[in-house]
Structures are given as C-alpha cells and as structure tokens.
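Numbering (the numbering used here), first residue to last: 112 to 740.
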C-alpha cells in the first residue's frame, strides 16, 4: 500500500517542479544565500538602536507581567491583546533578562531581524525547490521579499515578533511538505503538520496553510481530483478550523468556551463588523486587495496606520472601481488556471494568504496594514520574477538588461526600506509619518501626544490632544492624555496646582464617559483624587483593579493609602496585607502600621515598623513613628 502511494505521487510530477534529482548546493546557490543574508542584515541593522513604540509594545513586552515574570504556564493558555499566540509570547519571555530594571528593545529587534533573514533564506530555498532549482528566479524572489519596505513593520516592530515567527514555521512546513510529495513518505507529512501547529500557535494567520499546500499540489501537477490528496490534509484543515474558531472567539473578547484564560481589559478587535453592510465590507476588501498590489510595485506612501474612509464610506467612482478591479483580477486568475500555472499560483498564493485580513470581517481599527503583506507578497514576487524570466527566454531578450532592471527595482525597495527603518526609531517619528499622510488622524495624534508627554514635551502633547478634540475626537485615550498633561503641569507649577488638578480630573472623567473599562484611566483618576477626595480615589483604584487585575501589585499600595486617608483602616489593612504578599517593601509595612494605629492596634503597628526598618534601616518616617509609639 505504501509503495503504491509513493509511486502515485511520482507519476504526478511535472517538469517545472517535480524533479527527483538530488539537491546540489553548488557555488551559485551558496553565494545567493550569502548575498540574501548580508543584504538583509545591512538594510535592517539600523533598527537595532530603535526604541519600543507605544503601539502594543507595552502590552506585549514592556508592561506585560506574564512576559516580564516569565510565567510560561500562563502564557500557554492566556490571550494577549486579543490574540492567542503562545509560542510568540514565550519567545518574548525567553529574552527578558533576570532582575532587569529597564528593559531594552535591542535584543528583541535583533532577533526579529535574524528571523527575517532566516525567512528570506527559506523563501529562496522554497522557490529554488519548486522551480527546478533555477537560482536566479529564487534569488530575485527572495531579495524582493527580504528588502520590501512593507515588511519593515513586521521586522523592526517588537510586537510583530508573531509575523516573523509564524512565517518561519509556515515556510518550513511548506518546504517539508514539498519534500513529502517528492519522497512519498508519510513521516515528512507528519513533520509538516507539527511545524504547521507551531506556526498557527505563533499567529492565527497561519490557518491558511492547508490551502497553500493545495496550491503546491496544483503547481506540482498532482491530480486534485484524487481523494487521497484531500484525505492527507484532513488534520491540517481540522487544525485550521479549530484554531480559526479560537481566534474569532478571542478577537471578540471571548475565552473559547472557557479553554483560555482572559487577561486584562475586556474589549474586542472585531469591533465594527456589525455596523458594516455586505457592500461596505466588499468595498473595503476590494480596496485592500488592489492597494496591496499597488503597494507591492510602488511602496511610496506606506505608514503604520491606514484609516478607514471618513464615515466608513467610499463615494463616487471609487465606490465601484475597486470591486470591479478585484473581480477582474480574480476572473483572470481563474481563467488562467487551465492555461498558465504561474498566474493562478502567484495570485492564488497572494489571495489565500491575505484573504483573512481583507476586512470581509472587520478586524481592528485600520482598513489596511503593512504587516498583512509579509507572506502574501511572496506570491506576487514569484509571479513577477517568473514571468520576466519566461518572457526573456521566449522572446530572446537580453537577460543582462532585464535582470538589471529587476535589480534596480530591488535596490529601490532596499533604499525605501532603509528610510522606513528610521521611521520606526521611536513613537514620535512613527506617528509623525502617519500624521504627514493623514493630518487629522485621532489615533496617531493620541499616540504621538502620549509619547511627547512622557518625554517632557507637555506643550507639544497638549497641542496634539487638543487638535484631535477640536476635530470631534471621541477617543478615551486622547482625553486621558490631556488629563495626564494637566497632572504634570500641576506638579510643575505649584501656584496653579489646584486649577490643573481640577482640569485633569475633568479630562479623566470625560475619558471614562467614553470608555469606562479602561483601568489605567481609573488609576490615574485615583492618583489625582488621592489628597482632595480619598474615598473617591479609593473607588477609582477599586475600579482599576476590576479592569486590570494583572496589575494589582502596582495598584494595591496606592489603594491602601487612599483607604487610610479616607479613614477605612481595616479595609486598608486587608489591601496592604495582600500587597505585602506580592512584593514586600518597607513602605508597605510603614503604611500598614498607620492603618493599625488607626484601629488602636499598637503592637501590630510596632511589629510592622520594625519590619520596615529591617528592610530599610534608613526609613526615617518609620524611625520617627516607632519612637513615638
């Protein structure tokens, strides 16, 4: 039975990719691999000095307790930022040094770059294998992939570790599967499946792999009418369905029937699907499909964020133009499937791997994202390079001239990529580029404003926030940022402290009227109210704990102080006792001693003061209070 299956696979191999001859890693191939690796490293090496950006990096790494504390068991079952990708999260946690006081983004970015280099090499190997070992086609395809500026986002953005990681396993699974179709031995199929699971656990986008494997079958010339070809992929499709349903559940803020453990604030990424009509969704999908192709050839206006059209509506000829072009391209692709494989394979690969993020189902806040092109552009690159090679041969054109033109295209891409790497230097440079293309984009203004505020440019921050509000912005983080700015001014200008605190409180309350689930805003409001209204502050801290239970070690100490100031001594003792169980400190013991004094428990107060001095003998407040008792 095994021998028959093996023979069947052999007889289905076409001349363009089914050669059984032994791989020959000759000098040109090795030089190609070296060129790809060196070129990629040189272009992206400037990113090693970039900073974390305020676009998920805090959630994924900087302020993510499960990563910082290396809680691998919890990472295996906990979605982060509405995504379940435990392999990615564990890879980030593994890079966190022990006892680090300030986390550096450098090692994370550096590993991302190396993963991108490995992916570029895998692209070369894959194209080389499926195209009868034509190294020039493989080289140019890999270089376009490696150096395309649209991929900058996936490589230099720490939070997008998931892109480069899932792609590594995705491509490796494809290569192993191709090897299986050559050898016919099912342990290669099993290995491909195992690697596929690692890919989908790195990012749910990998669920498209089974369809890609069918495209490989088509390219190879295997008979897709044969039942055995579909049976062998049942585990792949079953896993795709399972993890696809899990991803949808998590994106909607769910826990997939209790299988997963939710962490943090409950929101959903599939936020706008309900408000879009079918026609709107089709327009948005068509727009993305076409513009990604344009972006492939002319990546001149790329940035971190592409907003939906105003009022989520296309007007005029544009409303019909993109759907028509989309349908035309798909029609040509289907028509060509029975005539020339390269168009069907190239466009098919592009469509299959990007379809899930074309906003047929609205995901996230943007109509497009550069990171979504990371794998799909492989199909377009292969199509372009293969077509050029074909017509050069057919019409006996000068290979030197033609390949030189492709080389110029690659150099153009590399130049743009190098400048885009600099755009990701920090949050200010990143969002300034978005604002350059979309001057009144609330999210960009909010994020740049928050960065400017944290780096001391309060006036610049307030200018961004006020510009967003003047444009009718209804984002909670804009009002929160303005509240933070007034809070900073209250400390910088003591003569206007009360005025600025009042304005800060007003901004925080306006922010919470927009979104009451933002734990961080509740916390900031509590800190601002701590002296003027400690009971209200305590209520704010309680709300912060509700929406950010994973930050209790940061919230509980200040919550305990608010309860003391409000005269809620026993409640404060309970809160501070829990805080001490998490991270003991002299300050916590001192504050709990004050609560014990409030309920006339002198012995407990003395014991806590002695504990405080044992931790920090220089705690003068504890020394004075102990002498008084």
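Note that CB positions come from ideal geometry on N, CA and C, so glycine has one too.
Exercise. Count the other CB atoms, across all protein chains shown, that sit within 10 Å of the CB of residue 333; report buried if there are 16 or more and exposed otherwise.
Key: The residue you call residue 333 lines up with position 222 of the chain shown. Buried is the label assigned to residue 333, since at least 16 other Cβ atoms lie within 10 Å of its Cβ.
Exercise. Tell me the start and end of each unbroken alpha helix (DSSP H) in the segment 156-201 that is at least 4 residues and wholly inside, in chain order.
Key: The qualifying runs are 176-179 and 183-186.
Quiz item: If we call anything under 8 angstroms between Cβ atoms a contact, is residue 663 one with residue 693?
Solution: Counting from one through the chain shown, the residue named residue 663 turns up at place 552. Counting from one through the chain shown, the residue named residue 693 turns up at place 582. Taking 8 angstroms as the Cβ cut-off, residue 663 and residue 693 qualify as a contacting pair.
Exercise. Would you be able to state if there are at least three C-beta pairs under 8 angstroms between the segment 283-299 and the segment 232-242?
Key: With a cut-off of 8 angstroms, the segment 283-299 and the segment 232-242 count as touching, because enough Cβ pairs lie within range.
Quiz prompt | Three-way DSSP call (helix, strand, coil) for residue 455 in this model | solution = The residue you call residue 455 lines up with position 344 of the chain shown. Looking at residue 455 - three-state DSSP - the assignment turns out to be helix.
Practice problem: Starting from residue 479, follow the beta strand (DSSP E) in both directions and report where the run begins and ends. | Solution: Working through the chain shown from its first residue, we reach residue 479 at position 368. Element bounds for residue 479: 477-479.
Quiz item: If you pair each beta-carbon of the segment 275-286 with each one of the segment 157-175, do three or more pairs fall below 8 angstroms?
Solution: No contact exists between the segment 275-286 and the segment 157-175.
Quiz prompt | residue 418 - DSSP class collapsed to helix/strand/coil | solution = Taking the first residue of the chain shown as position 1, residue 418 is located at position 307. Strand at residue 418.
Quiz item: With distances taken from CA atoms, which of 523, 537, 221 and 420 is nearest residue 165?
Solution: As a first step, residue 165 must be located in the chain shown, where it is residue number 54. It is 537 whose Cα lies nearest to the Cα of residue 165.
Exercise. Alpha carbon to alpha carbon, how far is residue 677 from residue 644? Give it in angstroms, no decimals.
Key: Position 533 of the chain shown holds residue 644. Position 566 of the chain shown holds residue 677. Between the C-alpha atoms of residue 644 and residue 677 there is a straight-line separation of about 8 angstroms.
Exercise. Would you mind listing the alpha helix (DSSP H) stretches within the segment 633-703 that are 4+ residues and don't spill past its ends, in chain order?
Key: With a minimum length of 4 residues, the unbroken runs of alpha helix (DSSP H) contained wholly in the segment 633-703 fall at 645-658, 663-676 and 680-693.
Exercise. State buried or exposed for residue 260, treating a residue as buried only when at least 16 other CB atoms are found within 10 Å of its CB.
Key: Taking the chain shown and counting its residues from 1, one reaches residue 260 at position 149. Buried, because 16 or more other Cβ atoms sit within 10 Å of the Cβ of residue 260.
Exercise. Return the first residue and the last residue of the alpha helix (DSSP H) that residue 485 is part of.
Key: In the chain shown, counting from the first residue as 1, residue 485 sits at position 374. Residue 485 -> no alpha helix (DSSP H), and no H or E assigned at all.
Quiz item: How many whole angstroms separate the CB atoms of residue 576 and residue 601, which I take to be in contact at a CB cut-off of 8 angstroms?
Solution: Within the chain shown, numbered from 1, the residue matching residue 576 stands at position 465. Within the chain shown, numbered from 1, the residue matching residue 601 stands at position 490. About 16 angstroms separates the CB atoms of residue 576 and residue 601; that is not less than 8 angstroms, and the two are not in contact.
Quiz item: Using 8 angstroms as the Cβ pair cut-off and three pairs as the minimum, do the segment 305-323 and the segment 338-348 touch?
Solution: Output reads yes: the segment 338-348 touches the segment 305-323.
Exercise. Go ahead and label residue 298 buried or exposed: buried means 16 or more other beta carbons lie within 10 angstroms of its beta carbon, across all protein chains shown.
Key: Translated into the one-based positions of the chain shown, residue 298 becomes position 187. Looking at its Cβ environment, which holds fewer than 16 other Cβ atoms inside 10 Å, residue 298 is exposed.
Quiz item: Within the chosen definition, does the segment 263-272 reach the segment 470-488 through at least 3 CB pairs nearer than 8 angstroms?
Solution: With the cut-off at 8 angstroms, the segment 263-272 and the segment 470-488 touch.
Quiz item: If you check the beta carbons only, do residue 178 and residue 203 fall under 8 angstroms apart?
Solution: For the purposes of this step, residue 178 is taken as the residue at position 67 of the chain shown. For the purposes of this step, residue 203 is taken as the residue at position 92 of the chain shown. Residue 203 is positioned such that its CB atom lies closer than 8 angstroms to that of residue 178.
Quiz item: residue 326: buried (16+ other C-beta within 10 angstroms of its C-beta) or exposed?
Solution: Residue numbering aside, residue 326 sits at position 215 when the chain shown is read from its first letter. Residue 326 is buried by the Cβ-count criterion.
Exercise. With DSSP collapsed to three states, give me the class of residue 613.
Key: Against the chain shown, residue 613 aligns to sequence position 502. Residue 613: helix per DSSP, three-state reduction.
Quiz item: What residue from 167, 213 and 162 has the CA that sits closest to residue 766's CA?
Solution: The first residue shown for the chain is 112 and the last is 740, placing residue 766 beyond what the model contains.
Exercise. Report yes if the C-beta distance between residue 231 and residue 256 is below 8 angstroms; otherwise report no.
Key: Counting from 1 along the chain shown, the entry for residue 231 is found at position 120. Counting from 1 along the chain shown, the entry for residue 256 is found at position 145. Taking 8 angstroms as the cut-off, the beta carbon of residue 231 is found closer than this to the beta carbon of residue 256.
Quiz item: Between which two residues does the alpha helix (DSSP H) harbouring residue 589 extend?
Solution: Position 478 of the chain shown, counted from the start, is the residue given in the question as residue 589. Counting along the chain, the unbroken alpha helix (DSSP H) around residue 589 starts and ends at 587-603.
Self-check item: Spatial distance of residue 630 from residue 373 (CA atoms)
Solution: Start at 1 with the first residue of the chain shown, and residue 630 comes out as number 519. Start at 1 with the first residue of the chain shown, and residue 373 comes out as number 262. C-alpha separation (whole angstroms): 15 angstroms.
Self-check item: Residue nearest to residue 588 in terms of C-alpha spacing, selected from 308, 619 and 432
Solution: Indexing the chain shown from 1 puts residue 588 at position 477. Measuring from the Cα of residue 588, the nearest candidate turns out to be 619.
Practice problem: Can you grab the Cα-Cα spacing for the pair residue 546 / residue 552, in whole Å? | Solution: As a first step, residue 546 is located in the chain shown; it is residue number 435 there, counting from the start. As a first step, residue 552 is located in the chain shown; it is residue number 441 there, counting from the start. For residue 546 and residue 552, the distance between alpha carbons rounds to 7 angstroms.
Quiz prompt | Nearest candidate by alpha-carbon position, reference residue 224, set 421, 158 and 656 | solution = Within the chain shown, numbered from 1, the residue matching residue 224 stands at position 113. Nearest of 421, 158 and 656 to residue 224, Cα basis: 158.
Exercise. Could you check how far apart the C-beta atoms of residue 161 and residue 216 are, in whole angstroms? I think they sit under 8 angstroms.
Key: Mapped onto the chain shown, residue 161 falls at position 50. Mapped onto the chain shown, residue 216 falls at position 105. About 7 angstroms; that satisfies the 8 angstroms criterion.
Practice problem: From the DSSP output, in three-state form, read off residue 244 for me. | Solution: For this step, residue 244 is matched to residue 133 along the chain shown. DSSP places residue 244 in coil when its eight states are reduced to three.
Quiz item: Which two residues bound the contiguous alpha helix (DSSP H) that contains residue 328?
Solution: Translated into the one-based positions of the chain shown, residue 328 becomes position 217. Per DSSP, the unbroken alpha helix (DSSP H) holding residue 328 starts and ends at 320-331.
Exercise. Use the C-beta contact count for residue 279: other C-beta atoms within 10 angstroms, 16 or more gives buried, fewer gives exposed.
Key: As a first step, residue 279 must be located in the chain shown, where it is residue number 168. So residue 279 ends up on the buried side.
Quiz item: If you drop the 5 nearest sequence neighbours on each side, which residues of the same chain put their C-beta closer than 8 angstroms to that of residue 410?
Solution: Within the chain shown, the letter at position 299 stands for residue 410. Closer than 8 angstroms at Cβ, skipping near neighbours: 259, 260, 261, 524 and 527.
Self-check item: Range of the contiguous alpha helix (DSSP H) that encloses residue 294
Solution: Position 183 of the chain shown, counted from the start, is the residue given in the question as residue 294. Start and end: 272-294.
Quiz item: Does the distance from the C-beta atom of residue 226 to that of residue 496 stay below 8 angstroms?
Solution: The sequence position of residue 226 within the chain shown is 115, counting from 1. The sequence position of residue 496 within the chain shown is 385, counting from 1. For the 8 angstroms CB-CB criterion, residue 226 and residue 496 do not form a contact.
Self-check item: Residues near residue 304 in its chain [Cβ-Cβ closer than 7 angstroms; skip 5 each side]
Solution: Along the chain shown, read from residue 1 onward, the residue named residue 304 stands at position 193. The answer, listed in chain order, is 346 and 347.
Quiz item: Of the residues 330, 736, 702 and 511, which one's Cα is nearest the Cα of residue 448?
Solution: In the chain shown, the residue the question calls residue 448 occupies position 337. The shortest C-alpha separation from residue 448 is found at 330.
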